[in-house]
Amino acid sequence: MLSGCGNDGPYADGPTDPGATKSTGAAGTVRYATSSLGRSEPVTIRIPRLGVTAPVTDLGLRPDGTIEVPSLDRPNLAGWWKEGATPGEEGPSVILGHVDARGRAAVFNRLKDLREGDRVMVVRKDGRTATFAVQRVERVAKTAFPGERIYAEDLDYAALRLVTCGGDFDRGTGHYVDNVIAYTRLVRD
Amino acid sequence: MGSSSVRRIAAAGSASGAVLVGALAAGASPALADPSAGAGAAAGAPTVSIAPKRFTPGENVTVRIGGCTSEPSVGGQNEVFVQGDPSGFDRNGETSWSGIGSTLPGLKPGNSYITKFTCMTASGPRTLTLFATLPEKHTTPPPPPGDGHGGGGGGGKRFHFGFDDVDLSTRTVVPGGRLGMKVHCPTEASATSSSFVEDPRFEETGEDTWEATGRFGRSLPSVVRVTIGCAEHGTVVFTTRPGRDEVSPGPTIPRGAPDTGDGSTASGGSGAVAGSRGARAPYVGAGAAAFALAGTGLVLRRRRVARGRS
């Protein structure tokens, strides 16, 4: 069994899909879930590779149409996009976290260090834990942020996208110029 | 699929206020129908449309509503008309109503808007949704009055595929249910959804008219998304939540990119790198990939711009 994959959600009982098995090198073999969970909001997120354990709040839209972000005063707080799927539910769910805040490394400071096959666990309000495997990590310019794909890709499986900032920090604008995005997919035991 | 990108209304470029050859969508989906019924099977279901379909923002248009036993009224969300319009409806038949509304002068080309009406029907209170989509900009002379759609390429007109070119048999998606789609398209229509058991096959049932019925799986996500396309003319995206009596154009997508960091651990000034020491990390991907989706807006709050329509 793979490290960090110790939950036993109902999706682990789905039929075996040979096409959904993939070797991921150091992280071992990934067996993607062939079914998904019902809707239940996330409570905490854990990423063993990064030593992250953090509470998750929900995020909506600001009046200007941009997404809310967790308070900078709580660097270890992650935020879930509440208009999208919940982690484990079919479709893309999205969790944001700061890369730094108030002079400290924040919850997703090392998101870029994730590698294919690394596990991400999300505990939900229904008590179940949805476990995801990293598929890839990318850094994109904020000017080219793929919002349609991140928030609304039409998927027939449960996915989780982790998003933070990266790249250069532009002191003129007060923002990082890039985003780091980790794409993950629900796995089974 | 077409190759359109999307952006939020707040990020839209200036509209210039020029002559807007707007094709306001009037294709609100007929309300509740037998899930097993195909497109167009919802005869007698409430409908809403406007005339003329092409107008200049700020102009008055006539709203026609059918299927209501009581006088309709604007119900909460109104992005198309000035506040208070249409102020009233005249009864034109047993369940037919018409009213005049002044459209907002700030409607921008390429954006989509919604106005919802409520009324009483034979089956109880209902909400009707008027989808309004204006082409991003016109590149051809305005069509003659009364021509609601672009043609199929003849006469120099350009076809603008939008929400008004799609009629859905139902606004309520249920597991195992069906969705009839009637599409006005001069080329070939298609529909995709990860929630369909299989992609429906469209048949041409008339001139530039295509019909198909999609069947949903027995397990549906909380947000169901259906993309309907017209080859070479783009796509529109509808979303709904299973069991709810509402179909809305496009999913909710926040504008821009998240700002998740204050730079407080970034060393140096501009150009300093947080976490990756300057050089582009090897995980840089193709995140800038454009999406083959034209769509709009979101449920209740936001509209996006559908670009790339021909």
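Protein sequence lines correspond, in order, to chains A and B. If you're matching positions, the first sequence starts at 21 in the working numbering and goes up one per residue. If you're matching positions, the second sequence starts at 11 in the working numbering and goes up one per residue. C-beta: ideal position from N, C-alpha, C; glycine also.
Beta-carbon separation of residue i and residue j under 8 Å?
{"i": "lysine 132/A", "j": "serine 60/A", "result": "no"}
{"i": "serine 203/B", "j": "arginine 235/B", "result": "yes"}
{"i": "alanine 105/A", "j": "serine 112/B", "result": "no"}
{"i": "arginine 74/B", "j": "serine 97/B", "result": "no"}
{"i": "leucine 182/A", "j": "alanine 202/A", "result": "yes"}
{"i": "isoleucine 170/A", "j": "valine 114/A", "result": "yes"}
{"i": "valine 247/B", "j": "threonine 262/B", "result": "no"}
{"i": "phenylalanine 141/B", "j": "aspartate 174/B", "result": "yes"}
{"i": "glycine 271/B", "j": "threonine 184/A", "result": "yes"}
Grab the span of the alpha helix (DSSP H) containing residue i for me, first residue to last.
{"i": "tyrosine 171/A", "result": "167-172"}
How would you call residue i, buried or exposed, if buried means at least 16 neighbouring beta carbons within 10 angstroms?
{"i": "alanine 132/B", "result": "exposed"}
{"i": "threonine 79/B", "result": "exposed"}
{"i": "valine 207/B", "result": "exposed"}
{"i": "threonine 275/B", "result": "buried"}
{"i": "glutamate 158/A", "result": "buried"}
{"i": "glycine 288/B", "result": "Interpretation of glycine 288/B is limited by its pLDDT of 32, a score under 50 that renders its predicted location unreliable; no figure is taken from the coordinates."}
{"i": "proline 83/A", "result": "exposed"}
{"i": "glutamate 213/B", "result": "exposed"}
{"i": "threonine 250/B", "result": "buried"}
{"i": "proline 115/B", "result": "exposed"}
{"i": "threonine 223/B", "result": "buried"}
If residue i and residue j are in contact, beta carbons under 8 Å, what's the gap, nearest whole angstrom?
{"i": "valine 257/B", "j": "arginine 181/B", "result": "4 Å"}
{"i": "threonine 77/A", "j": "glycine 99/A", "result": "5 Å"}
{"i": "glutamine 155/A", "j": "glutamate 168/A", "result": "The pair is not a contact, with the Cβ atoms about 18 Å apart (cut-off 8 Å)."}
{"i": "alanine 164/A", "j": "glutamate 109/A", "result": "Not quite, the Cβ-Cβ distance comes to about 27 Å (not below 8 Å), so this is no contact."}
{"i": "valine 84/B", "j": "threonine 125/B", "result": "6 Å"}
{"i": "leucine 134/A", "j": "leucine 70/A", "result": "7 Å"}
{"i": "valine 207/A", "j": "arginine 51/A", "result": "6 Å"}
{"i": "alanine 199/B", "j": "glycine 260/B", "result": "Contact doesn't hold; Cβ gap of about 18 Å is too wide."}
{"i": "alanine 117/A", "j": "proline 90/A", "result": "Per the sequence shown, residue 117/A should be read as glycine rather than alanine. 7 Å between Cβ atoms; contact."}
{"i": "phenylalanine 171/B", "j": "glycine 216/B", "result": "With 8 Å as the limit, phenylalanine 171/B and glycine 216/B do not qualify as a contact, their Cβ atoms being about 17 Å apart."}
{"i": "glycine 76/B", "j": "threonine 105/B", "result": "6 Å"}
Name the two residues that bound the continuous beta strand (DSSP E) containing residue i.
{"i": "asparagine 199/A", "result": "195-206"}
{"i": "proline 252/B", "result": "It is not in any beta strand (DSSP E) - proline 252/B carries neither H nor E in the DSSP assignment."}
{"i": "threonine 237/B", "result": "234-240"}
{"i": "leucine 178/B", "result": "176-178"}
{"i": "threonine 182/B", "result": "It is not in any beta strand (DSSP E) - threonine 182/B carries neither H nor E in the DSSP assignment."}
{"i": "cysteine 185/A", "result": "178-190"}
{"i": "alanine 161/A", "result": "149-161"}
{"i": "proline 112/A", "result": "111-116"}
{"i": "serine 112/B", "result": "106-112"}
Using a Cβ-Cβ cutoff of less than 8 Å, which residues in the same chain neighbour residue i once the five nearest sequence positions on both sides are dropped?
{"i": "arginine 122/A", "result": "Leu92, Asp93 and Pro95"}
{"i": "serine 56/A", "result": "Tyr31, Gly108, Glu109, Glu110, Tyr177, Ala178 and Leu206"}
{"i": "valine 92/B", "result": "Gly111, Ser112, Thr113 and Leu114"}
Which residues in the same chain have their Cβ closer than 7 Å to the Cβ of residue i, if we skip the five residues on either side of it in sequence?
{"i": "aspartate 218/B", "result": "Gly162, His194, Cys195 and Pro196"}
{"i": "asparagine 129/A", "result": "Val119 and Asp120"}
{"i": "glutamate 69/B", "result": "Thr113"}
{"i": "lysine 102/A", "result": "Asp78, Leu79 and Gly80"}
{"i": "glycine 186/B", "result": "Phe226 and Arg228"}
For residue i, which residues in the same chain have their Cβ closer than 6 Å to its Cβ, ignoring the five residues on either side in sequence?
{"i": "threonine 72/B", "result": "Ala61, Ser108 and Ile110"}
{"i": "threonine 149/B", "result": "Residue placement at threonine 149/B is poorly supported in this model, since its pLDDT is 36, which falls under 50; the coordinates still yield a value, given next. Taken in chain order, the list of residues that qualify is empty."}
{"i": "valine 142/A", "result": "Pro62, Ile65, Pro107 and Ala150"}
{"i": "methionine 73/A", "result": "Correcting the residue identity first, residue 73/A is threonine in this sequence and not methionine. Closer than 6 Å at the Cβ level, and outside the excluded window around threonine 73/A, lie Arg66."}
{"i": "leucine 180/A", "result": "Pro107, Ser113, Phe152 and Thr204"}
{"i": "proline 82/B", "result": "Ile75, Phe99, Trp107, Phe127 and Cys129"}
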